[in-house]
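*Asks:* Protein chains in written order, with the working numbering: chain D, 464 to 665; chain G, 464 to 665.
This is the structure I have questions about; it appears just below.
2 protein chains.
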Amino acid sequence: MQVAVVTFDGFNELDSFIASALINRCRKDGLEAFITTPTPVVTSMNGVEVSGQRPMDFIPEADVVLIGSGVKTRDVIADDRLLAMLPLDPARQLIGSQCSGALVLARLGLLGGMPVCADMTSRPFVEDFGVTVLDAPFHAEGNIASAGGCLASQYLAAWVMTRVLGEDAARGSIGYAAPVGERHETVERVMSAVRAGEPALR
Amino acid sequence: MQVAVVTFDGFNELDSFIASALINRCRKDGLEAFITTPTPVVTSMNGVEVSGQRPMDFIPEADVVLIGSGVKTRDVIADDRLLAMLPLDPARQLIGSQCSGALVLARLGLLGGMPVCADMTSRPFVEDFGVTVLDAPFHAEGNIASAGGCLASQYLAAWVMTRVLGEDAARGSIGYAAPVGERHETVERVMSAVRAGEPALR
Numbered sequence: 464m465q466v467a468v469v470t471f472d473g474f475n476e477l478d479s480f481i482a483s484a485l486i487n488r489c490r491k492d493g494l495e496a497f498i499t500t501p502t503p504v505v506t507s508m509n510g511v512e513v514s515g516q517r518p519m520d521f522i523p524e525a526d527v528v529l530i531g532s533g534v535k536t537r538d539v540i541a542d543d544r545l546l547a548m549l550p551l552d553p554a555r556q557l558i559g560s561q562c563s564g565a566l567v568l569a570r571l572g573l574l575g576g577m578p579v580c581a582d583m584t585s586r587p588f589v590e591d592f593g594v595t596v597l598d599a600p601f602h603a604e605g606n607i608a609s610a611g612g613c614l615a616s617q618y619l620a621a622w623v624m625t626r627v628l629g630e631d632a633a634r635g636s637i638g639y640a641a642p643v644g645e646r647h648e649t650v651e652r653v654m655s656a657v658r659a660g661e662p663a664l665r
Numbered sequence: 464m465q466v467a468v469v470t471f472d473g474f475n476e477l478d479s480f481i482a483s484a485l486i487n488r489c490r491k492d493g494l495e496a497f498i499t500t501p502t503p504v505v506t507s508m509n510g511v512e513v514s515g516q517r518p519m520d521f522i523p524e525a526d527v528v529l530i531g532s533g534v535k536t537r538d539v540i541a542d543d544r545l546l547a548m549l550p551l552d553p554a555r556q557l558i559g560s561q562c563s564g565a566l567v568l569a570r571l572g573l574l575g576g577m578p579v580c581a582d583m584t585s586r587p588f589v590e591d592f593g594v595t596v597l598d599a600p601f602h603a604e605g606n607i608a609s610a611g612g613c614l615a616s617q618y619l620a621a622w623v624m625t626r627v628l629g630e631d632a633a634r635g636s637i638g639y640a641a642p643v644g645e646r647h648e649t650v651e652r653v654m655s656a657v658r659a660g661e662p663a664l665r
């Protein structure tokens, strides 16, 4: 099972790398994440140049697509060429957004009436699409999830691992990454946030 | 004030990017972090190629040096050429290690009798240097700090921001990055962990 972590120029490192690194703890279980970019190299909001691991052509074959966040997402949703590279299909893919990535889901018309989570800066722009933004870090309905606040990327990753491999895999990855001595509380906090935002997992 | 986030081949993305991205929220206050690498490009443990923002020559001019973690740190400490690129000076620099980065501090003889934090995998190799590894996520004495467990990189970043700019700056950065709706509890948890590991800040 393959995860595309879609990463645009101006991306926030926390958003793309927390999700991808946590998910890649499950590579031994057959779940693997790839930084997926529209150009061979993208530059983060802090000036870090990263080579994409997969081109956008990879998206149709991915089982999970996570839309990362960054300082240029409003440019992304104004760019029809970029949007055409995102043929997302929630009927057969798990789809998630992190922070301003919710703007992409809104612009693509994938949300129907469902509310989303997004960061405070992106919130008014998401609301401009008539989408409700929750005062919560994580929300999922069916195959679509969203997370708001950079560190909520842990919740998005845990949702992906839980949906694809089951809760034990998610607990294992989060537990491995937890601060030493805080494994139990970290895992419980993350899994509670996922359950709170995803009624189907309660 | 400049922070070198030293990042070797095989690096763990969580360790280098959580610290650098959180610290870079303080750029407006004059504190800035740079991914600092021994080669123009380094490849993460998950195969992500990242261009260094600064070469190792930058280390002597950095005010803060954080040694990241990865799957090849034992090769780093066996490589005299790489070690020679790390002329760390705790008399005038803040120095921190993340997970296996503690091995580098031990190998460089910087720890004296102080204990450190490190991840469970690195622990026995750190202990081989006669260094005590704590069952805790964060510890600091004077100008040297260490964190264990990938997500404890938040604590290392908060320590740097607190020591350089004061607690308000650290609270601002962590609060910005916190999951939506969890700002207060996230900031308090991180600052408590830093205080618990750094008696001088209590």
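For every residue, glycine included, the Cβ atom is placed at its ideal position computed from N, Cα and C.
Examine chain D for any beta-carbon lying closer than 7 Å to the beta-carbon of Val643/G, and answer yes or no.
*Replies:* Closer than 7 Å to some Cβ of chain D, the Cβ of Val643/G qualifies, so yes.
*Asks:* Let's see if you can read the secondary structure: which residues bound the beta strand (DSSP E) around Gln561/D?
*Replies:* It spans Leu557 to Gln561 - the beta strand (DSSP E) in which Gln561/D sits, taken as one unbroken run.
*Asks:* Near Thr502/D, which residues of its chain fall below 8 Å by C-beta distance, leaving aside the five closest residues on each side in sequence?
*Replies:* Answer for Thr502/D: Asp472 and Gly515, listed in chain order.
*Asks:* Apart from the five residues just before and just after Asn509/D, which ones in its own chain have a Cβ nearer than 7 Å to its Cβ?
*Replies:* Cβ neighbours of Asn509/D beyond the five flanking positions: Glu476.
*Asks:* In the DSSP output, which residue or residues are listed as bridge partners for Ile607/D?
*Replies:* DSSP output for Ile607/D lists Ile558/D and Glu604/D as bridge partner(s).
*Asks:* Does DSSP put Ser616/G in a helix, a strand or coil?
*Replies:* Note: Ser616/G maps to helix in three-state DSSP.
*Asks:* With 7 Å set as the bound, which would you pick, yes or no: does the beta-carbon of Phe480/D sit closer than that to a beta-carbon of chain G?
*Replies:* Chain G contact via Cβ: present.
*Asks:* Once the 5 residues before and after Ala659/G are set aside, which same chain residues still bring their CB inside 6 Å of it?
*Replies:* Excluding sequence neighbours, Ala659/G sits near nothing in its chain.
*Asks:* If we define contact as Cβ-Cβ less than 7 Å, is Pro501/G a contact residue for chain D?
*Replies:* So no, Pro501/G is outside the interface.
*Asks:* For the segment 508-545 of chain G, list the alpha helix (DSSP H) runs that are entirely contained and at least 4 residues long, ordered along the chain.
*Replies:* Runs found: 536-539.
*Asks:* State the CB to CB distance for the pair Ser585/G and Cys613/G, rounded to an integer number of angstroms; the pair is presumed to be in contact (CB under 8 Å).
*Replies:* At roughly 12 Å, the Cβ-Cβ gap does not stay under 8 Å, so Ser585/G and Cys613/G are not in contact.
*Asks:* Rank Val657/G, Arg646/G, Leu628/G and Ala525/G by C-alpha distance to the C-alpha of Cys489/G and give the top, closest one.
*Replies:* Taking only the C-alpha atoms, the option nearest Cys489/G is Leu628/G.
*Asks:* Just confirm the distance between the C-beta atoms of Val539/D and Val567/D, as a whole number of angstroms; I'd bet it's less than 8 Å.
*Replies:* Indeed, because the Cβ distance is near 6 Å, the residues count as touching under 8 Å.
*Asks:* From the DSSP output, in three-state form, read off Glu590/G for me.
*Replies:* In this structure, Glu590/G counts as helix in the three-state DSSP scheme.
*Asks:* Contact criterion: CB-CB distance below 7 Å. Does Val589/D meet it with respect to chain G?
*Replies:* Chain G contact via Cβ: absent.
*Asks:* I'd like the list of long-range same chain contacts for Val534/D, defined as Cβ closer than 6 Å, with 5 residues on each side in sequence excluded.
*Replies:* These residues qualify, in order along the chain: Gly473 and Met508.
*Asks:* Quick check on DSSP: helix, strand or coil for Thr584/D?
*Replies:* Looking at Thr584/D - three-state DSSP - the assignment turns out to be coil, as it is neither helix nor strand.
*Asks:* Suppose you measure from the CA of Arg517/G to the CA of Thr499/G; what does that come to, to the nearest Å?
*Replies:* Their backbone Cα atoms lie some 5 Å apart in a straight line.
*Asks:* Indicate the three-state DSSP secondary structure (helix, strand or coil) for Thr500/G in the structure shown.
*Replies:* Three-state result, Thr500/G: strand.
*Asks:* Using 8 Å for Cβ pairs, my map puts Ala608/D next to Pro600/D. What's the rounded Cβ distance?
*Replies:* Going by Cβ atoms, the distance from Ala608/D to Pro600/D rounds to 11 Å, so no, they are not a contact pair.
*Asks:* Could you check whether Val650/D and Trp622/D sit closer than 7 Å to each other, using their CB atoms as the reference points?
*Replies:* No, these two residues do not count as a Cβ contact at 7 Å.
*Asks:* Using a threshold of 7 Å, state whether the C-beta atoms of Ala569/D and Val594/D are closer than that.
*Replies:* In contact: Ala569/D and Val594/D (Cβ atoms closer than 7 Å).
*Asks:* Does Leu477/G come within less than 7 Å of chain D when only Cβ atoms are used?
*Replies:* Chain D, which has a Cβ nearer than 7 Å to the Cβ of Leu477/G, makes this yes.
*Asks:* Would you tell me roughly how many angstroms separate the C-alpha atoms of Ser655/G and Ser479/D, rounded to the nearest one?
*Replies:* Near 27 Å, if we compare the C-alpha coordinates of Ser479/D and Ser655/G.
*Asks:* Can you give me, in chain order, the residues of the segment 506-518 of chain D that have a beta carbon less than 7 Å from any beta carbon in chain G?
*Replies:* Cβ contacts with chain G come from Asn509, Gly510, Val511, Glu512, Val513, Ser514 and Gln516.
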